[in-house]
Amino acid sequence: MKSRLVRISSRKIGAAPGSLVHVGEQKVEKTRISVIEYDAESLSEQILESADEHFPCPAPTKTQWLNIDGIHQVEVLERCGHCFGLHALVTEDILNTAHRPKFEEHEDFCFLVLKMLFFADESRQIETEQVSIILRDNMVASFQEKEGDVFDGVRQRLRSGRGRIRKLGPDYLTYALVDSVVDSYFLVLEKVGDQIEELEEELVDRPTPETLHKIHNLKKEMIMLRKSVWPLREVISSLQRSESPLITTGTDIFFRDVYDHTIQVVDTVETFRDMLSGMLDLYLSSISNRMNEVMKVLTIMATIFIPLTFFAGIYGMNFAYIPELQWRWGYGAFWVVILILAGAMVCFFKKKKWL
Amino acid sequence: MKSRLVRISSRKIGAAPGSLVHVGEQKVEKTRISVIEYDAESLSEQILESADEHFPCPAPTKTQWLNIDGIHQVEVLERCGHCFGLHALVTEDILNTAHRPKFEEHEDFCFLVLKMLFFADESRQIETEQVSIILRDNMVASFQEKEGDVFDGVRQRLRSGRGRIRKLGPDYLTYALVDSVVDSYFLVLEKVGDQIEELEEELVDRPTPETLHKIHNLKKEMIMLRKSVWPLREVISSLQRSESPLITTGTDIFFRDVYDHTIQVVDTVETFRDMLSGMLDLYLSSISNRMNEVMKVLTIMATIFIPLTFFAGIYGMNFAYIPELQWRWGYGAFWVVILILAGAMVCFFKKKKWL
Amino acid sequence: MKSRLVRISSRKIGAAPGSLVHVGEQKVEKTRISVIEYDAESLSEQILESADEHFPCPAPTKTQWLNIDGIHQVEVLERCGHCFGLHALVTEDILNTAHRPKFEEHEDFCFLVLKMLFFADESRQIETEQVSIILRDNMVASFQEKEGDVFDGVRQRLRSGRGRIRKLGPDYLTYALVDSVVDSYFLVLEKVGDQIEELEEELVDRPTPETLHKIHNLKKEMIMLRKSVWPLREVISSLQRSESPLITTGTDIFFRDVYDHTIQVVDTVETFRDMLSGMLDLYLSSISNRMNEVMKVLTIMATIFIPLTFFAGIYGMNFAYIPELQWRWGYGAFWVVILILAGAMVCFFKKKKWL
Amino acid sequence: MKSRLVRISSRKIGAAPGSLVHVGEQKVEKTRISVIEYDAESLSEQILESADEHFPCPAPTKTQWLNIDGIHQVEVLERCGHCFGLHALVTEDILNTAHRPKFEEHEDFCFLVLKMLFFADESRQIETEQVSIILRDNMVASFQEKEGDVFDGVRQRLRSGRGRIRKLGPDYLTYALVDSVVDSYFLVLEKVGDQIEELEEELVDRPTPETLHKIHNLKKEMIMLRKSVWPLREVISSLQRSESPLITTGTDIFFRDVYDHTIQVVDTVETFRDMLSGMLDLYLSSISNRMNEVMKVLTIMATIFIPLTFFAGIYGMNFAYIPELQWRWGYGAFWVVILILAGAMVCFFKKKKWL
Amino acid sequence: MKSRLVRISSRKIGAAPGSLVHVGEQKVEKTRISVIEYDAESLSEQILESADEHFPCPAPTKTQWLNIDGIHQVEVLERCGHCFGLHALVTEDILNTAHRPKFEEHEDFCFLVLKMLFFADESRQIETEQVSIILRDNMVASFQEKEGDVFDGVRQRLRSGRGRIRKLGPDYLTYALVDSVVDSYFLVLEKVGDQIEELEEELVDRPTPETLHKIHNLKKEMIMLRKSVWPLREVISSLQRSESPLITTGTDIFFRDVYDHTIQVVDTVETFRDMLSGMLDLYLSSISNRMNEVMKVLTIMATIFIPLTFFAGIYGMNFAYIPELQWRWGYGAFWVVILILAGAMVCFFKKKKWL
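Chains as they are written, first to last, in this note's numbering: chain A, 1 to 355; chain B, 1001 to 1355; chain C, 2001 to 2355; chain D, 3001 to 3355; chain E, 4001 to 4355.
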């Protein structure tokens, strides 16, 4: 869990800016590069066996999509950087998986850092994976930490050749990739929503200290999620408003659509936070309520029996002369008094609405 | 309740943008399309028997209002989209009932997504229904999830021919529809206000753990309401400031009026939230107060009788030689001491203001 | 109290915009219209016996002030609207006493909605009354819910002919009226301030559950007050920055002065809210403190006497052979042991600082 | 304390704007006017014996500083106003010591209202005094409520003739005065900081209900302080950005310096608020912790001895036939059982980590 | 700790602006000045033996870096100021270690105040040290409170001659220094993150009052940290957007990179604050939970045994005539009744889920 909350790279501190160091854990064994080249009529796929191969040069009328899975091999990234003409700082950012989502317009390319989210069912934690996207004139390069299936839908649509994806250029492909990433947020939010509803029922039916820890954990996840989601909003917003020539006018409306989704994600995260805070309050109130109930039982029992025990104690004393003890109906009278006393107490508690 | 809180469409994730999928539950059996065509002098109404019929072409000098109840029949919506020249993303948004309120100006139409609110008396929950409105040159199309009576007032005014609604064009009709939707918020807020006042009385008179759950539920409803109301404000604000040629100058003042109402709705929701928070605090304080009272009773009883019982215990001991036991007035003296002790205790508690 | 918190007019919902309906309670029997016409040299006053009379036409070189008390007679308001050339929506806003404070610049008049505040001593609640002001070329019309004395100072100054009020035009008169309204806020805040200070003393000296309810009620009043005060600030701010030709340059500085007062009102309301929150915290802490004290008394008494009672119980047993019972100094030794035990307990509590 | 928290002038309400009324308490007996006139070479000081004297006309090449101590003599202020050509509203603001800090640029003068702060050691309260400053072409007038030593440093520097103060004009003098006022905030913050640290130690070592009241009081002082400090920030900010010809370019950097100080004051006030809130939470947690400890002691004692007492009670019964009582080793066995029971209890509590 | 929280310099109050006084504690014995002069080909280092030596004049084609460790020697700073043509206020700011981070563009130099952070392991406190940086045409001067190793990485890179640092001018050097400072924040945040995680585990496993104090202390550190970090953000932001000719176009992207890091620092601090607040809530809930458990044990024991003890007391009474006492199976029957009673109690508690 450690590295998840505060992934700050002390390894890098003191290094020169632009020095290429991989920050984060290695998630796949070997970097894997897949190349898809397409235009409206044709599509060819290729997987580079080794990262040492030359990147194929994209045909001028086609759109090329390079997908790099695994970014721990610094030398591969370095070669990518040289090949695409990236600034050293950009390559550094791709390698640093602790980076904040961001969008940068450079002279001849756009650079996007995003976080994909997954909900790990067993640990009930939200896991993040960084995706960097480079959009150039006639190509898109995407960098993932490990092979994943988030982009599979895009691949499928490309291969099928249906829809507008094959007809439109790299900016639309970029949009499709960003859209897939934002969709992964909805999946996570749905699972969190389910958990919140489960917890809410648990809270009403049978709250335990365990419930408290679950609420606390979800709240912590929301704090972490929020840290990813707010910058995402800024990123998509500047992407939408971008005046880069790389983004054609027709794609604008699609980015606006993604922006709407992002806003909805932000809203939902904030709503979840509010709801979890409400649940924490409710839990605390429940504890107080139950404490109150416990105290009432104690007080009723003690208040009824302590005086009675005192009276029993009185007549257990061994004074030489206690007149009541010799009365014929002493014992009976004692019981009568005791029962009247107890009854009075019960009435008192009834009046106080404790019973 | 599930689908209400977190209606996110995992069904749609991975699909191509603009792919037409209905998100939400089907609320009516069959899509029903009613057409009203009017100008200052005349009005004709028509109900399309089947969604397969052709939409009547609006006469150039008249205003046409198409109202579609039921949006689960994707093919009907698709045909509407083609007919009105909508972008695929717009048709997608109409179908997605989980959409956030929004206002978009397109080249030759304006697109509005709004939420109608209803307060379900039995479940004490606020239910939402999505309305999408398309404003074009000489027609307005409105899409509802189910047949409803929110727009009945507008229909009535159209039929009666009184007022300015027949004289003014589709932008005024749009205003009338938006106004009806915002009015539905006031009805909901009034009911919530009544509930808050009931709860407040309950809180002062006889707070129970049930009261706590009611407050919590209302607070949750306010969180949900807020999620609808804040974007509504933005929507109406951009509608009011819109410079679209579709909205004529004379209608400006009406949209400003609706905007005023929206602000009032937002204010009221925030006020309700504040008041509910205050009530939660009050409830917690009441519990603490009552706990205090319970503890005082316990402490007073225990503190008075425990020492007395001890003394009774002393003289119940069977030591061979306890001089007091043999005294003639031993028992009487015992009572005197006991009563003085008890009296001192009572004075002590009086001084502490516990009695 | 109901209508005070959530005065939303379900009566009006569904009605056409601009339909004239009075929203609110009728506070006077009959609408009363007083007319004051003045210039630097002369002043004439007139009270229209019946609302059916014609409004006197203001002389072009004079300033006319129409004050209408009582706005429940829709027909009178309608005639006013026609006479002053108001838009139907404006007349509707004048009639709707649930309206939010606002400032609107129209082509040939300015329209102001304000709230006057009064502190009702018996109910300890803040009551509001709506004032609408129309500023036209050479006249000012003010609409109040009932006859009141807030504007008496202005009338007095007009009659006396001293000061600049008679020399300056209708914009200065408008300023004078707005200033009177804002002054009514200070009166209310002063009374609230007094109550807060009383409560603070009560909180330190003798907090009771009643104190809690008082704090809660004041807090609620502040929530309501805030709802009036924040829009007031906006209203005065746009009034001050208005570039309407109806407001002459010389009057600017006066509106800036009123704006300063409004800011001070807003600041004070926020400060009161903060202070009341602090008092609630203090109250809760006091309860906890007292609970602690109660518990300590109980614990000390119980902890000292329960073991002693046990020992007394031991020697009250009837075992055939209990050697201690036969000792000559058994009883004396028992007391010694008991007192040492009790002393040890007291030392323990002293060390723990519970005594 | 009353007049400190909510100094709102009901005396003034209803009066005409610009009517000169002193609001606040009179702090000195007699208004005292001191005049300092200087240029780089020479300096002359003069104290006007009586407020009736004519103000000396400043020599055109010199800078004149008029300092008025005591503003309760309305007639003196009125004469000042006439003499300096002030608007009636400005003179009114000088007289109203309840005014909010503000900065106004008028045609031929600038007007500043500031608050000086003092920490009253005995009452542990922050006291404010209003300073108004008029900056004109070749003179500065400052108005204080009472004679004070905040401006002594400036006077000293003027007299000594060292530094740049004699060489630069009235805008630099204004800066010097504002700087002295802001410096008084640091003194107050330092004392508050000391108190916070004392309280923090007290909180860790020996928290008492008294500590709570001290925290609450400091928090209240911070609320009041904040009310002075935020407008101060605005004032200094608009002063710094002012384009008035009265403020020469070279003085800009000095006002920027004061602005930095003001920001630091604001930061510190906010930090103190946060810290005091944290301390309140800590106090409440401490109470809960101690309550817990108290309860544990009670529970341990009661839980150990109540069953033992029950067993002692059993063998104190007078049933004709209780076999155990006749056993030779009955009493010894009783003790063994009792001690085993008590030991088991202690183990139970040890396991629960209550001991 | 005192001087750390509220380091406000009362020593300086009343002094003329620009008067050179060192504010803060002296951290080194003697000011030490090191000079590095370099261009792409060569680098020369020099340490000024005494502060009285003349500063070497930088060669026009070279970049000079003066690093001054120890700023308590006012005369040295004064000479620096004269030498670099600094305004007196700037020199004053360098001397005042209580200054807020800031960035100022002057005519021929830029001035930066930053805070370096260190986490003192033994005191578990964050310590700050002020760094001031002057960027001029062909030189950079940096002022530290004591000799430190934060800039060692920069020195190393300069000496090695690798990378771009030797090729680029003083603006890049400035960037390198700022980057080193921001990197020091990550180190501190990492340590704080570790502590938070430790605390979180402690909170779940074995919360003690000590845990509470640790959380409170970390929260206080975060309040202090925040006070440094927010202004840092502003500083770096204005540095990045600066249009000073001293900052060449190529360096822009590097400052943007530092800005990204700063945002990440701000985000992390806010996240830590949120998490610590959550932990405080969790701690309080844990206390309540444990109190509840304690109370349950007490209530169960007391409620079971108090009535039993009462019955034992009954048959310990010495009434002359208590029929049960004489029954043959009285004692046995007593035990049966007692056990049934106790069993009923246990069932009751089971039903209430207290057991």
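Ideal Cβ positions, reconstructed from N, Cα and C, are used throughout, including at glycine.
Given the structure is predicted, the values throughout are model-derived calculations rather than measurements.
Nearest-angstrom Cα distance between D:H3106 and B:R1256? Taking the fourth sequence and counting its residues from 1, the one referred to as residue 3106 of chain D is at position 106. Taking the second sequence and counting its residues from 1, the one referred to as residue 1256 of chain B is at position 256. Roughly 36 Å between the two C-alpha positions.
Buried or exposed: where does A:G193 fall if 16 or more other Cβ atoms within 10 Å of its Cβ makes it buried? Stepping through the first sequence from its first residue, residue 193 of chain A is reached at position 193. So A:G193 ends up on the buried side.
Taking the alpha helix (DSSP H) that A:Q144 belongs to, which residues open and close that run? Reading the first sequence from its first residue, position 144 is the one you call residue 144 of chain A. Premise fails: A:Q144 lies in the beta strand (DSSP E), 139-144, not in any alpha helix (DSSP H).
Decide if C:G2313 is buried, meaning its Cβ has at least 16 other Cβ atoms within 10 Å, or exposed. The sequence position of residue 2313 of chain C within the third sequence is 313, counting from 1. C:G2313 is buried by the Cβ-count criterion.
Assuming C:M2345 contacts C:T2303 under a Cβ cut-off of 8 Å, what Cβ separation, rounded to an integer in Å, is found between them? Counting from 1 along the third sequence, the entry for residue 2345 of chain C is found at position 345. Counting from 1 along the third sequence, the entry for residue 2303 of chain C is found at position 303. About 6 Å separates the two Cβ atoms, so the contact holds.
Short of 8 Å in beta carbon distance, which residues of its chain neighbour A:D108, apart from the five on each side in sequence? Order them along the chain. On the first sequence, residue 108 of chain A is found 108 positions in, with the first residue counted as 1. Answer for A:D108: G85, R136, D137, listed in chain order.
If I follow the unbroken alpha helix (DSSP H) through B:K1191, where does it start and stop? Along the second sequence, read from residue 1 onward, the residue named residue 1191 of chain B stands at position 191. Segment 1170-1205, the alpha helix (DSSP H) holding B:K1191.
Taking CB distances under 7 Å as the criterion, tell me whether B:Y1315 reaches chain A. Residue 1315 of chain B sits at position 315 when you count from the first residue of the second sequence. It does; some Cβ of chain A falls within 7 Å.
Opening and closing residue of the beta strand (DSSP E) in which E:F4118 lies: Position 118 of the fifth sequence holds residue 4118 of chain E. That run of the beta strand (DSSP E) goes 4110-4120.
Close beta carbons around E:S4003, own chain, < 6 Å, minus the five adjacent residues each side: In the fifth sequence, counting from the first residue as 1, residue 4003 of chain E sits at position 3. Residue confidence for E:S4003 is low, a pLDDT of 41 falling below 50, so the modelled location carries little weight; the figure read from the coordinates is stated next. Nothing listed; no residue qualifies.
Straight-line Cα distance separating E:F4349 from E:G4343: Counting from 1 along the fifth sequence, the entry for residue 4343 of chain E is found at position 343. Counting from 1 along the fifth sequence, the entry for residue 4349 of chain E is found at position 349. In a straight line, the C-alpha of E:G4343 is about 10 Å away from that of E:F4349.
Do you know how far the Cα of C:K2296 is from the Cα of C:W2354? Taking the third sequence and counting its residues from 1, the one referred to as residue 2354 of chain C is at position 354. Taking the third sequence and counting its residues from 1, the one referred to as residue 2296 of chain C is at position 296. When rounded, the distance between both Cα atoms is 7 Å.
Here's the rule: buried if 16 or more other CB atoms are within 10 angstroms of the residue's CB, otherwise exposed. What is A:H82? Indexing the first sequence from 1 puts residue 82 of chain A at position 82. Exposed, by the Cβ-count rule.
To the nearest angstrom, how far is the alpha carbon of A:K191 from that of B:T1271? Here residue 191 of chain A refers to the residue found at position 191 when the first sequence is read from its first residue. Here residue 1271 of chain B refers to the residue found at position 271 when the second sequence is read from its first residue. Rounded to whole angstroms, A:K191 to B:T1271 spans 32 Å at the Cα level.
For the ligand NAP, I want to know if B:A1320 counts as a neighbour, meaning its beta carbon is within less than 6 Å of at least one of the ligand's heavy atoms. Absence of the ligand NAP is noted for the structure shown, with no ligands found whatsoever.
For D:V3294, write down the residues that DSSP places opposite it in a beta bridge. If you number the fourth sequence from 1, residue 3294 of chain D lands on position 294. None, per the DSSP bridge assignment.
Round the Cβ separation of E:M4139 and E:P4101 to the nearest angstrom and send it over; I've been treating them as touching at under 8 Å. Here the question's residue 4139 of chain E lines up with position 139 in the fifth sequence. Here the question's residue 4101 of chain E lines up with position 101 in the fifth sequence. Rounded, the Cβ-Cβ distance is 22 Å, inconsistent with contact.
With DSSP run on the structure shown, which of helix, strand or coil describes B:T1211? Here the question's residue 1211 of chain B lines up with position 211 in the second sequence. Three-state result, B:T1211: helix.
Against chain D, with Cβ distances strictly below 7 Å, would E:V4294 count as a contact? Against the fifth sequence, residue 4294 of chain E aligns to sequence position 294. Answer yes: the Cβ-Cβ gap between E:V4294 and chain D drops below 7 Å somewhere.
Cβ-based burial, B:S1132 [other Cβ within 10 Å; buried from 16]: Residue mapping note: residue 1132 of chain B aligns to position 132 of the second sequence, counting from 1. The residue in question, B:S1132, is buried, as its Cβ has 16 or more Cβ neighbours within 10 Å.
Counting only C-beta atoms, is B:L1218 closer than 7 Å to chain C at any point? Position 218 of the second sequence, counted from the start, is the residue given in the question as residue 1218 of chain B. With 7 Å as the cut-off, B:L1218 does not count as an interface residue toward chain C.
Check whether the Cβ atoms of D:H3261 and D:V3182 lie closer than 7 Å to each other. Locating residue 3261 of chain D in the fourth sequence gives position 261, where the first residue counts as 1. Locating residue 3182 of chain D in the fourth sequence gives position 182, where the first residue counts as 1. Their beta carbons are under 7 Å apart, which means D:H3261 touches D:V3182 by this criterion.
C-alpha distance - B:A1016 paired with A:H99, whole-angstrom precision: The sequence position of residue 1016 of chain B within the second sequence is 16, counting from 1. The sequence position of residue 99 of chain A within the first sequence is 99, counting from 1. Each residue's alpha carbon lies about 29 Å from the other.
In the DSSP assignment, the alpha helix (DSSP H) including C:D2093 goes from what residue to what residue? Numbered from 1 along the third sequence, position 93 holds the residue referred to as residue 2093 of chain C. 2088-2095 is the span of the alpha helix (DSSP H), which, as asked, contains C:D2093.
Under 7 Å (Cβ pairs) to chain B, residues found in the segment 226-256 of chain A: I253, F254
With a cut-off of 8 Å on the beta carbons, I'd call E:L4325 and D:A3320 a contact; round off their distance for me. Counting from 1 along the fifth sequence, the entry for residue 4325 of chain E is found at position 325. Counting from 1 along the fourth sequence, the entry for residue 3320 of chain D is found at position 320. Going by Cβ atoms, the distance from E:L4325 to D:A3320 rounds to 6 Å, so yes, they are a contact pair.
For D:I3322, which three-state DSSP category applies? Locating residue 3322 of chain D in the fourth sequence gives position 322, counting from the first residue. Correct three-state label for D:I3322: coil.
Let me know if B:V1204 comes out buried or exposed under the rule of 16 or more other beta-carbons within 10 Å of its beta-carbon. Counted from its first residue, the second sequence places residue 1204 of chain B at position 204. B:V1204 is exposed by the Cβ-count criterion.
Helix, strand or coil for B:F1103? Go by DSSP, reduced to three states. On the second sequence, position 103 is the one that residue 1103 of chain B refers to. Of the three classes helix, strand and coil, the one that applies to B:F1103 here is strand, per DSSP.
As assigned by DSSP and simplified to three states, the class of A:W230: Here residue 230 of chain A is taken as the residue at index 230 of the first sequence, counted from 1. Helix at A:W230.
Can you look up A:E270 in the DSSP assignment and give me helix, strand or coil? Translated into positions along the first sequence, residue 270 of chain A becomes position 270. Looking at A:E270 - three-state DSSP - the assignment turns out to be helix.
Pop quiz: D:L3239 and D:F3111 are said to be a contact at Cβ under 8 Å. What is the actual Cβ separation, rounded to whole angstroms? Locating residue 3239 of chain D in the fourth sequence gives position 239, counting from the first residue. Locating residue 3111 of chain D in the fourth sequence gives position 111, counting from the first residue. With a Cβ gap of about 11 Å, D:L3239 and D:F3111 do not count as contacting.
Option nearest D:K3030 by Cα separation, candidates D:G3163, D:S3142, D:T3208, D:E3075: Residue mapping note: residue 3030 of chain D aligns to position 30 of the fourth sequence, counting from 1. Per the Cα distances, D:E3075.
Helix, strand or coil at E:V4021 according to DSSP, with G and I counted as helix: Residue mapping note: residue 4021 of chain E aligns to position 21 of the fifth sequence, counting from 1. Note: E:V4021 maps to coil in three-state DSSP.
Are the CB atoms of C:M2224 and C:R2273 nearer to each other than 7 Å? Position 224 of the third sequence, counted from the start, is the residue given in the question as residue 2224 of chain C. Position 273 of the third sequence, counted from the start, is the residue given in the question as residue 2273 of chain C. No, the Cβ-Cβ distance between C:M2224 and C:R2273 is not below 7 Å.
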